[in-house]
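A.B. asks: This structure is in structure tokens; I'll ask about it shortly.
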Amino acid sequence: SWFRFAGRPWVVLLGPDAVGAALQNRDRALLNGPGWRALIGPFFDRGLMLLDGDEHTAHRRIMSQAFTRDRLSLYTDRMHPSIERTLDGWTPRDDFRVYPALKELTLGLATEIFMGGAEGSSDREMDEVNRAFIGCVQAATAIVRYPLPGTRWRRGILGRARLEKFFRHYLPARRAGDGDDIFSVFCHVESEEGERFSDDDVVNHMIFLMMAAHDTSTITLSTAMQYLGQFPEWQQRCRDESDALGTTTPNFDRLDELTSLDLVIKECQRLVTPVPGVVRRAAKDTEILGHFVPKGTLLNLGMHFSHHMPELWPDPERFDPERFSPERREDKVHKYAWAPFGGGAHRCLGMHFSGAEIKTVLHHLLLRFRWHVPADYVAPMNFTSLPFPNDGGPIHLLPR
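The opening residue of the sequence shown carries number 513 in the numbering used here; numbering runs sequentially from there.
The structure is reproduced here in structure tokens:
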């Protein structure tokens, strides 16, 4: 279907065939950068998702050095102390709002893993950084796209400036040091071809990755806590597997033993897709499934829609993690039936980091707490930008 937004023509691609054709982009007619810049360009300029072609390939090649299996193992080990410190501050009660609590937790993890803790930063400074990220993300769907006082667009512009100032302040120390956080890795790593990032590159990628790392993980964690609270048999099944590990601090390899959590996480990413759609722009006239798309058209690829199609998923609104079990594998009915991390050349670089983070947090939660959510509760989701529950995700949180 066609519509106009922000003075530009858009087409929405629905269904895995159309989404898959756009993600594969065989004639290279569709570009990421010009598409995303129409929404978030001023706020996440030159992040990896906004690059194309040879430049995207070169930057992705450098960044991939920060997400090797050895580094993922190191990051997982460093998550545990941060998670434990944050959960020490959680107070069980009847009306615990889990979404903001999880957002604080994942921002802390992103600060620890991506920035080595941002030594010298204060709680107030990190709160400002969190608000800056929120401002940038929510500005994407602003109707008034000028920095007028009181508008989302202005909050986004001010947020971007705050984030640039924050990362540039800490960058010289990362260049001079030998840390193993992602910020430091970006400052020093080279590709096999000898390519390195400039200071501007490092700042742009850190702003984008910090947003992606904690916002999307928060959404899936919040969704998982809701459904595990509504389906106690699944909560206990996952807890039994966590108990069976015999440790509160499993390493990266042992996370693979949490097979029930893996099913739950995939089902939650289907039900509430962290990034419901991705954007492209036609750089030249093209066709998608026989439909003409003229040059300059913006396209919204609706993965969330595919995740709820009854043609692909029996009883699609039902929470049923067994869909992803080896016996059923409903996600294999089509290559793009389940695509929360996109696909093609721009498939999410941090998907394995995200999986490890979400599993690790849920493992700690299951060992520390029990929680309940009324069976008839339906989260009032806000899709202004990335989805989140408007009511903060209330749960009845109990000590184990």
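All C-beta atoms in this analysis are idealised placements derived from N, C-alpha and C, irrespective of residue type, glycine included.
Curious, which full-length alpha helix (DSSP H) runs of at least 4 residues does the region 693-775 contain?
C.D. replies: Runs found: 694-700, 711-742, 744-757.
A.B. asks: Enumerate in chain order the residues of its own chain whose CB-to-CB distance from F579 is below 8 angstroms, with the five nearest sequence positions on each side excluded.
C.D. replies: On the sequence shown, position 67 is the one that residue 579 refers to. The answer, listed in chain order, is L861, G862, H864, F865.
A.B. asks: Measuring only the C-alpha atoms, how far is L874 from I625?
C.D. replies: Here residue 874 refers to the residue found at position 362 of the sequence shown. Here residue 625 refers to the residue found at position 113 of the sequence shown. Cα-Cα distance, rounded: 18 angstroms.
A.B. asks: Drop a sphere of 10 angstroms on the beta-carbon of L878, count the other beta-carbons inside from all chains shown, and report buried for 16 or more, exposed for fewer.
C.D. replies: As a first step, residue 878 must be located in the sequence shown, where it is residue number 366. Buried, by the Cβ-count rule.
A.B. asks: Please return the same chain residues whose Cβ sits closer than 8 angstroms to the Cβ of Y611, not counting the five positions on each side in sequence.
C.D. replies: Start at 1 with the first residue of the sequence shown, and residue 611 comes out as number 99. Here the set comprises T730, S734, F900, P901, G904, G905.
A.B. asks: Please name the residue or residues paired with E624 in a DSSP beta bridge.
C.D. replies: Locating residue 624 in the sequence shown gives position 112, where the first residue counts as 1. BP columns for E624 are empty, so no partner.
A.B. asks: With H, G and I counted as helix, E and B as strand and the rest as coil, what does DSSP make of M815?
C.D. replies: Counting from one through the sequence shown, the residue named residue 815 turns up at place 303. Helix at M815.
A.B. asks: Taking the runs of the alpha helix (DSSP H) that are 4 residues or longer, which of them lie wholly in the region 583-651?
C.D. replies: Listed in chain order, they are 610-627, 635-650.
A.B. asks: Return the bridge partner residues of N894 from the DSSP annotation.
C.D. replies: Locating residue 894 in the sequence shown gives position 382, counting from the first residue. In the DSSP output, where bridge partners are listed per residue, N894 has F900.
A.B. asks: Please report the straight-line C-alpha distance between L614 and M722, rounded to a whole angstrom.
C.D. replies: Working through the sequence shown from its first residue, we reach residue 614 at position 102. Working through the sequence shown from its first residue, we reach residue 722 at position 210. Using only the alpha carbons, I get a separation of about 15 angstroms.
A.B. asks: Decide yes or no for the touch test of the region 763-776 against the region 652-667: beta carbon pairs closer than 8 angstroms, at least 3 of them.
C.D. replies: No, the region 763-776 does not touch the region 652-667.
A.B. asks: According to DSSP, simplified to helix, strand and coil, what is T785?
C.D. replies: For this step, residue 785 is matched to residue 273 along the sequence shown. Coil at T785, not helix or strand.
A.B. asks: Count the other CB atoms, across all protein chains shown, that sit within 10 Å of the CB of F804; report buried if there are 16 or more and exposed otherwise.
C.D. replies: The residue you call residue 804 lines up with position 292 of the sequence shown. The residue is exposed, with fewer than 16 neighbouring Cβ atoms inside 10 Å.
A.B. asks: By the three-class DSSP mapping on this structure, what secondary structure does W825 have?
C.D. replies: Start at 1 with the first residue of the sequence shown, and residue 825 comes out as number 313. Coil, per DSSP.
A.B. asks: Just verifying my parser: in three-state terms, what is the DSSP assignment at L675?
C.D. replies: Position 163 of the sequence shown holds residue 675. Helix, per DSSP.
A.B. asks: With three or more beta-carbon pairs closer than 8 angstroms as the criterion, would you say the region 661-681 touches the region 702-722?
C.D. replies: Yes, they touch.
A.B. asks: State the beta-bridge partners of T798 as determined by DSSP.
C.D. replies: Start at 1 with the first residue of the sequence shown, and residue 798 comes out as number 286. Note: T798 sits in a beta bridge opposite V805.
A.B. asks: With V531 as the anchor, note down where its alpha helix (DSSP H) starts and where it stops.
C.D. replies: Position 19 of the sequence shown, counted from the start, is the residue given in the question as residue 531. Start and end: 528-536.
A.B. asks: With distances taken from CA atoms, which of N763, P828, A868, H820 is nearest H726?
C.D. replies: Translated into positions along the sequence shown, residue 726 becomes position 214. Considering only alpha carbons, the answer is A868.
A.B. asks: Tell me whether R667 sits in a helix, a strand or coil according to DSSP, three-state version.
C.D. replies: Indexing the sequence shown from 1 puts residue 667 at position 155. Looking at R667 - three-state DSSP - the assignment turns out to be helix.
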